[in-house]
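Numbering (the numbering used here), first residue to last: 839 to 1513. Worksheet: the structure to be examined is printed underneath.
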Amino acid sequence: MSNNLNPEQNAAVTHVDGPLVVLAGAGSGKTRVITQRIAYLLNNGHAKPGQILALTFTNKAANEMRDRVAGLIGKDAAEKVFLGTFHSFCLRVLRREIERLGYRKNFSVSSESDVRTILRRVLDDMDGVKDAFSPKIFLERIGSIKNSGETAEGPEEEEENDSDTETEAKYRKWLPAIYEKYQSALRAANTLDFDDLLVLTVQLWQKYPEVLERYQNRFQYLLVDEYQDTNAVQYRLLRSLAGERANLFVVGDDDQSIYGWRGADIRNILDFESDFPNAQNVKLEQNYRSTQTILDAANAVIGRNKQRRPKKLWSALGEGRSIDHIITADSESEADTAVEWLHHILKRSGGSFGDFAVLYRSNIQSRPFEIAFRRAGIPYVVRGGQDFFERTEVRDIMAYLRVIANPADEAAVLRVVNVPRRGVGDAALHHIHDVCREERVSFAKAMRRTLDRGTLSTRAAQGIGEFLGVVSAYRSQFESGTRAIPDLITGLIDASGYRAELRRISKTPGQWIQRSENLDAVTQAAEQYCESTRKPTLTEFIDLCSLEPPTDPRRADKRDDRSATLMTIHSAKGLEFPFVFIAGVEEGLMPHDKNVLGPGLEEERRLFYVALTRARRHVTLFEAIERDRHGRSRPTTTSRFIAELPEGSVNVRQRAQRPQPEPSTDKPPGKKRTA
DNA sequence: AGACCCAGGTTTTTT
DNA sequence: ACCTGGGTCT
């Protein structure tokens, strides 16, 4: 069964009991190891499919793994393995158990923008806070408190710090109160934010050991992908679930830990053996992706980091071509040169546009490349941004569905109560909100009460009446289960007047087509969901969409191998391309100047390492001697990481020259661009 | 509701 | 230099 595995991979795959960390270098076949081990455990009678829990960070990774496991052990068995993201696992647990924590079973999951709405309301209610502070900063703080593993009892007192600015001190002062109010607002709306899914699961298990024990018994074998990306809460979750038995198999690469800024703690993987008694480790150092030249470069760079487990990648694929380093005048000529260079490589290699990726540190760098590629007629896709996440129509319909499933969901109500226009304005909403606060009832109840009491304007009362009418009509329809879910969704879109409103406000026919397609995406997602499951429910459909929003069909098609890819290094993790262009290899960008102090620099170096190791055949580094930063065009200096590459591995192609710092010259001939 | 204005920020992204 | 968000004015 363990055919075609190298000895280290085989050792990992055939490991059965006890904790094990697989330090899987870039391109060393880690997904294979995880999927094969699942198959190994099953085929050798160590476990039944339902006793295996495999956790990933992204849906994409989970789906890919599920496909591969299905290929190994068959579809039926694969479906019984719990293979999903941390969040989907926790959601599954909480759907069953959350009542113990004082939420109702029909709780909803709030997205980023819902959460912003909720926090804004909280700040509105607190005199003197709203004006002085931005909700965004509080959300970030709240998130990092949750991810750092503090419990909902409230953030710990942080010690005073002399270097605090006045604003910083103010934030610190208000944070505990806001945290608490935010949390009770979520509870009142019977909703959880993404972080809560993890935090509450940990809390549940802490408070109810008998519940934990049930899950420990159910899941005999735990496998975790990308372990270097786990944060404190995920660590606690795994610890509890693994229990004494500690059949915990984690795979990751400390050198690819690039999410420290959102709470990932590299120490989890570095300290695995001291955290779990009798833990073993396996190192995967054979790389199946890149040439030795690329790996030598990557090894040399990452070898400078202190916080790491020593590893040395090697390849059987041969030396390959040396790295090219092209120095250009500015970001425009960087992109133009990349186009020429791409054509040049293409002619010699006989590949296709899909073999190329341009990687950069920051999204704003994509612009010149898009312009140059378009002008040259090179098909490309820009990955990243999250715009399709934000499709208004999809979110609106989902908000309707959420109100139907969870009437208390205030953010969802606020989103659609006046969409289409029903004459419900700010005044009415504030009035309802006051009732909410004074009488301590949910937003849904407050709407009812104000309506019954006639304390609203005629216009608003009528609007709210209509809204509640359509929502409750559809609620009973969904509950009765006589019509299929996709059918009901279409009905709701029409009956609520949403479709008509959308047509009315569309300025061009094109816009209307686009928007209807977005509506269709929801119905299609529902159809797909219904086909994939035996007993479809609205709640489960909403859960699915909260954690994995329906994809834009037009965007999905564009993922073809005839297009070059432009993306950030962060989003390139896990991918590979024959030819990789790394753009903006300059101080300030790589490493980024916001992250050069303390441990940040090592993370920046890992980022550069990740970029290098995406390449199979060849890497080109691009540098511009002048670049627009914060509006001004400024001279740059070469990234310090270039000096860390092995002697002689880089071939410099100078297309532009920095003015030599002559001792006699007083001013460098810096050009200013006019707007 | 929509037009206009000012302040602040401007790294990376998933669920 | 430019965009966003929030506030105010009409």
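For each residue, glycine too, the CB sits at the ideal point set by N, CA and C. These numbers come from a predicted model, not from an experiment.
On the DSSP letters alone, give me the boundaries of the beta strand (DSSP E) that Arg1278 sits inside. From DSSP, Arg1278 is part of no beta strand (DSSP E); its letter is neither H nor E.
Is Asp1093 helix, strand or coil when you go by DSSP? Three-state DSSP puts Asp1093 in a helix.
Just to confirm, are Ile1183 and Leu1483 a CB contact at a threshold of 8 Å? Judged by their CB atoms, Ile1183 and Leu1483 are not nearer to each other than the 8 Å cut-off.
Coil, strand or helix - Asp1000 by DSSP: For Asp1000, the pLDDT reaches just 41, beneath the cut-off of 50, and the residue's location in the model is therefore unreliable, although a value from the coordinates is still provided. In this structure, Asp1000 counts as coil in the three-state DSSP scheme.
Measuring alpha carbon to alpha carbon, tell me which residue in Val1457, Arg1400, Phe1479 is nearest Leu1427. In terms of Cα proximity to Leu1427, the closest of Val1457, Arg1400, Phe1479 is Phe1479.
Closest to Leu932 by CA distance: which of Pro857, Leu1050, Gln1349, Leu1439 is it? When only C-alpha atoms are compared, the closest one is Leu1050.
With a 10 Å radius around its C-beta and 16 neighbouring C-beta atoms as the bar for buried, classify Ser1334 as buried or exposed. Residue environment analysis places Ser1334 among the buried positions, since at least 16 neighbouring C-beta atoms fall within 10 angstroms of its C-beta.
For Leu1035, three-class secondary structure by DSSP: DSSP places Leu1035 in helix when its eight states are reduced to three.
In this structure, does DSSP put Leu1483 in helix, strand or coil? The answer is coil: DSSP assigns Leu1483 none of H, G, I, E or B.
Looking only at its chain, what residues have a beta carbon closer than 8 Å to the beta carbon of Arg1287, apart from the 5 residues adjacent to it on each side? Shown here for Arg1287: same chain residues with a beta carbon closer than 8 Å to its own, the five before and five after excluded, namely Val1273, Glu1277, Val1279 in chain order.
How long is the line joining the alpha carbons of Ala1359 and Arg1465, rounded to whole angstroms? Approximately 41 Å between the Cα atoms of the pair.
Taking DSSP as the reference, what is the three-state secondary structure of Leu939? Note: Leu939 maps to helix in three-state DSSP.
Answer yes or no: do Ala1250 and Ser946 have a C-beta to C-beta separation smaller than 8 Å? Yes, they are a contact pair.
So within the region 1425 to 1482, which uninterrupted beta strand (DSSP E) runs reach at least 3 residues, ignoring any that extend past its ends? Counting whole runs of 3 or more residues, the region 1425 to 1482 contains the beta strand (DSSP E) stretches 1453 to 1462, 1464 to 1467, 1470 to 1473.
At what residues does the beta strand (DSSP E) containing His1163 begin and finish? For His1163, the enclosing beta strand (DSSP E) covers residues 1161 to 1166.
How far does the beta strand (DSSP E) with Leu1413 in it reach, from first residue to last? Segment: none, Leu1413 is in no beta strand (DSSP E) and carries neither H nor E.
Determine the closest residue to Phe1191 out of Ala1176, Pro1217, Ser1171, Thr1175, with distance taken between C-alpha atoms. Ranking the options by Cα distance to Phe1191, first place goes to Pro1217.
Based on the DSSP secondary-structure assignment, which residues constitute the bridge partners of Lys1121? According to DSSP, which records beta bridges pairwise, Lys1121 is partnered with Leu861.
May I ask you to report which of helix, strand or coil DSSP gives Glu991? Here Glu991 scores only 46 on pLDDT, less than 50, and its place in the model should not be relied on; the value that follows carries that caveat. Residue state, collapsed to three classes: coil.
Residue of Asn1201, Ile1165, Ala1298 minimising C-alpha distance to Gly1261: Scanning Asn1201, Ile1165, Ala1298 for the CA closest to the CA of Gly1261 turns up Ala1298.
Rounded straight-line distance, which links the Cα of Gln1041 to that of Lys1150: Between the alpha carbons of Lys1150 and Gln1041 lies a gap of roughly 40 Å.
In angstroms with no decimal places, state the Cα-to-Cα distance between Glu1424 and Glu1018. Computed Cα separation, rounded: 43 Å.
Helix, strand or coil for Val1219, going by three-state DSSP, please let me know. Here Val1219 sits in strand by DSSP.
The region 1231 to 1246 touching the region 1207 to 1216, judged by at least three CB pairs closer than 8 Å: Taking 8 Å as the limit for Cβ pairs, the verdict is that the region 1207 to 1216 does not touch the region 1231 to 1246.
Within 10 angstroms of the Cβ of Gln847, are there 16 or more other Cβ atoms? Answer buried if so, exposed if not. Gln847 comes out buried.
Ser866 to Pro1473, Cα distance in whole Å? Roughly 39 Å separates the two Cα atoms.
Would you kindly work out how many angstroms separate the C-alpha atoms of Ala1167 and Thr1230, rounded to a whole number? Cα to Cα, Ala1167 sits roughly 41 Å from Thr1230.
Taking the alpha carbon of Trp1012 as the reference point, which residue from Pro1047, Pro973, Val1037 has its own alpha carbon closest? For Trp1012, the nearest C-alpha among the options comes from Pro973.
So Phe1110 packs on Val859, CB below 8 Å; how close in whole Å? At roughly 4 Å, the Cβ-Cβ gap stays under 8 Å, so Phe1110 and Val859 are in contact.
For Cys928 versus Leu1036, is the C-beta spacing smaller than 8 Å? A contact, by the Cβ cut-off of 8 Å.
In chain order, what residues of the same chain lie with their CB nearer than 6 Å to the CB of Leu891, ignoring the 5 residues before and after it? Setting aside the 5 residues that flank it on each side, Leu891 is surrounded in the same chain by Phe920, Phe1057, Leu1060, each with a C-beta closer than 6 Å to its C-beta; the list follows chain order.
How would you label Pro1031, buried or exposed, when you count the other beta carbons within 10 angstroms and need 16 or more for buried? In the sequence on display, residue 1031 carries Asp and not Pro. With 16 or more Cβ atoms within 10 Å of its Cβ, Asp1031 is classed as buried.
Return helix, strand or coil for Ala1402, following the three-state DSSP convention. Strand.
When the Cα of Arg1100 is compared with those of Asp1063, Leu977, Val1120, which residue comes out closest? It is Leu977 whose Cα lies nearest to the Cα of Arg1100.
How would you call Pro845, buried or exposed, if buried means at least 16 neighbouring beta carbons within 10 angstroms? Burial state of Pro845 is exposed, judged by a 10 Å Cβ sphere holding fewer than 16 other Cβ atoms.
What are the boundary residues of the beta strand (DSSP E) that includes Tyr1198? It spans 1194 to 1198 - the beta strand (DSSP E) in which Tyr1198 sits, taken as one unbroken run.
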